[in-house]
Amino acid sequence: MTATRATLSINRLMQELQSLAQISEAEPPVVTRIVFGEADLRARAYVKGLCEDAGLTVRHDAVGNTFARWHGSDSTLAPVGTGSHIDAIPNAGLYDGCVGVLGGLEAIRVLKELGFKPRRSIELVVFTAEEPTRFGIGCLGSRMMAGVLTPEKALALRDKDGRGLEELRSHAGFAGRLETVALPSGHWHQFIELHIEQGPYLEAEGLDLGLVTHIAAPASQRIVIQGEGGHAGGKLMPGRKDALAAAAELILALEAAAKSSGAIDTVATVGVCEVFPGAVNSIASRAMITTDVRDIDKARRDRVLETLHSTCDEVSARRGVAITIELINADPPTACDPVILDALEASAQEAGKTYKRMVARAYHDSSFVACIAPTAMLFIPCRGGVSHRPDEYASPEWIGGGVHVLARTLATLAS
Ligand code: HGY
Ligand code: MN
Ligand code: MN
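Shown next, in the form of C-alpha cells:
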C-alpha cells in the first residue's frame, strides 16, 4: 500500500473514532455509552451506516450483537471474524473497543480498495455489552453467543433501576428468541480482535504490537454486609455492628491476598461500595461491595477467592454482622490460537513492525468467542497504559500499525 493511501486510510479512521466519541452520555471528550442507552443506540446506527457505506451486509441478533459481512467467493466456507465493542463505562476514553470495531472496518475497506478478493467471507462484529456497567456482568453478548450465559440467566439480570434485558432490548428495537443468539462452534473459521493493551508494557518497551497468547480469568462477586445501624453519638463502640467497618476489613483482606499470591499476575479490585443509610451521623447498617479478581492462573485466582470467603466468615462471627456473597461470574482463562498467532507474527514481520507475545490482563469478548472459534488478539500500545479514563490515547501510528497487520492477517486467513 502506498504511503499516501496509508495516510488517507488512517486519517479516515481517526476522524471516525473522533465522530464516534462525540456520541456520548457525557460531555466530550468524556465517553460514557451504556448498553441500550440513547447514546449506545446512536453509536450503533453510526457504525451500521459506515458498514453499509463500505458495502457490507449488516444484521443483528436478538440482543443487538451486530454482524457486518463482506461476502467471499465461497459461501460454503465459515467466515473469518474480527471485531470488538463500542459500549463504554462511565467516564471512559474513545479507544477501548472502538479501535477493534472501526479498525476492523478500516482493514476491510483497505483490502477492498486494494482489490483483494476473499475466498472466505470476512465478518466484522460489534458485541453487545462488553462492559458490565448495566447488568453487573461483562461480555453479555459474547457470553450468550458462546452459550456461557443462558437465556434464562440473561432474563434474570436487572440494572440498578430494576429494568431487565427483555424490557431494554425491545426498547432498543431488538426482538427475536434469545435462544437464537447462541452460535454453533465453527460459526467463524478463525477470529481476531484488535484492541488497545490497557497496560503500559508495549509503550514502555517501544514495541508496536502485542500478540496475545492468554487472556486473564475474571471473577466478580457482590457482597452484602448486614449489621445494625444506630446513632453515631449515642451508640458507644462496644457492641456496634458497623457494616461499613466490616466491609473495610474485607477490602483490605482482599488486597492483601492478591498482593501475597506469589505472582504479579494476580489482581483484585473493589470498585463499588454502597453504604446505607449513608448519613454522616449514622452507623452504617448495610454495605454492598463488588469484588473483581483476575489472574492468568485459575487456581491462583480461586485461592484468593477462598481467602476472601474465609475472611467473610471470620469477620461475620467477630463483628456479629451477616455477610452474603453472590457470585456474578468466575470464568476460566483463555488460551489464544497458535495458528492465528503465527499468522499475526508473519504479518507483523512483513509489515516491519516490532512485537512481543504477551498476556491480556483485561478481559475481552475474545474470552468467549474462543469457546466457539479459534481466536487471538492483537494489541496496540496506549499512552501510559491508561484506559477506562477520558485521557486514554493511542496514536495514529500505533492504530495504523495495528490495522495494517490486522488487514494482512485477515487476507491471509480468508484466502
Ligand atoms: O473489565 C475489563 O477487563 C474490560 O475492560 N471490560
Ligand atoms: Mn473496557
Ligand atoms: Mn474493551
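Taking my numbering, I'd label the letters of the sequence shown as residues 83 to 497.
Note that beta-carbon positions come from the ideal geometry of N, C-alpha and C, so glycine has one too.
Delimiting residues of the beta strand (DSSP E) encompassing residue i
i	result
F461	457-462
V162	162-167
E408	404-412
P233	Taken as a continuous stretch (DSSP letters only), P233 belongs to no beta strand (DSSP E), being part of the alpha helix (DSSP H) at 233-238.
A302	The sequence as given places Ser at residue 302; Ala does not occur at that position. Where S302 is concerned, the enclosing beta strand (DSSP E) stretches over 299-308.
Alpha helix (DSSP H) segment containing residue i, residue limits
i	result
M226	222-227
K435	Run containing K435: none; DSSP gives neither H nor E here.
W270	Premise fails: W270 is in no alpha helix (DSSP H) and is neither H nor E.
C398	First, the amino acid is wrong: residue 398 is Ser here, not Cys. First-last of the alpha helix (DSSP H) with S398: 380-401.
P478	478-496
F450	448-451
E376	The residue asked about is misnamed: residue 376 is Arg in this sequence, not Glu. Unbroken run through R376 is the beta strand (DSSP E), 368-377; no alpha helix (DSSP H).
E205	Element bounds for E205: not the alpha helix (DSSP H) but the beta strand (DSSP E), 204-209.
H470	Counting along the chain, H470 falls outside any alpha helix (DSSP H), and DSSP gives it neither H nor E.
R251	247-253
G212	The residue asked about is misnamed: residue 212 is Glu in this sequence, not Gly. Neither: E212 is in no alpha helix (DSSP H) and is coded neither H nor E.
E285	283-286
Cβ-Cβ separation, residue j to residue i (assumed contact under 8 Å), whole Å
i	j	result
R499	V352	Beyond the ends of the chain as shown, which are 83 and 497, falls residue 499; an answer cannot be given.
Y437	A428	At roughly 11 Å, the Cβ-Cβ gap does not stay under 8 Å, so Y437 and A428 are not in contact.
V117	R225	V117 to R225, Cβ: 13 Å. No contact.
H470	I274	The pair is not a contact, with the Cβ atoms about 23 Å apart (cut-off 8 Å).
I297	A442	4 Å
I307	A329	5 Å
H269	I405	That belief does not hold up - the Cβ atoms of H269 and I405 are roughly 42 Å apart, past 8 Å.
D447	Q272	Actually they are not in contact, since the Cβ atoms of D447 and Q272 sit about 15 Å apart, beyond 8 Å.
L495	A425	6 Å
V421	P456	7 Å
L176	L99	6 Å
Measuring from each Cβ to the nearest heavy atom of ligand 3, keep the ones under 5 Å and list them in chain order.
-> In chain order, the qualifying residues are D178, G179.
Output the residue ranges of the beta strand (DSSP E) runs that lie fully inside the segment 106-193 and measure 3 residues or longer, sorted by chain position.
-> Fully enclosed beta strand (DSSP E) runs of 3 or longer: 113-115, 139-142, 148-152, 162-167, 170-174.
Who's in the neighbourhood of ligand 1, going by beta-carbon under 6 Å from any heavy atom, listed in chain order?
-> That query returns the following residues: E212, E213, G220, A444, Y445.
Should the segment 401-418 be regarded as contacting the segment 376-391, the criterion being three or more beta carbon pairs within less than 8 Å?
-> Judged by Cβ distances under 8 Å, the segment 401-418 makes contact with the segment 376-391, as three or more pairs qualify.
Length-filtered (3 minimum) beta strand (DSSP E) runs lying within the segment 329-357 = Qualifying beta strand (DSSP E) stretches: none in this window.
Three or more C-beta pairs below 8 Å linking the segment 457-464 and the segment 308-320 | Cβ pair count under 8 Å is below three, so no.
Do the segment 193-208 and the segment 137-152 make contact, defined as three or more Cβ pairs closer than 8 Å?
-> Yes: at least three Cβ pairs fall under 8 Å.
Can you find at least 3 beta carbon pairs, one from the segment 178-193 and one from the segment 152-170, that sit closer than 8 Å?
-> Judged by Cβ distances under 8 Å, the segment 178-193 makes contact with the segment 152-170, as three or more pairs qualify.
Using 8 Å as the threshold, is the segment 263-282 in touch with the segment 479-491, meaning 3 or more CB pairs across them?
-> Flag = yes, the segment 263-282 and the segment 479-491 touch.
Does the segment 223-239 come close enough to the segment 192-199 to have 3 or more Cβ pairs within less than 8 Å?
-> Taking one beta carbon from each stretch, the segment 223-239 and the segment 192-199 have fewer than 3 pairs nearer than 8 Å; the two do not touch.
Do the segment 328-342 and the segment 248-265 make contact, defined as three or more Cβ pairs closer than 8 Å?
-> With a cut-off of 8 Å, the segment 248-265 and the segment 328-342 do not count as touching, because too few Cβ pairs lie within range.
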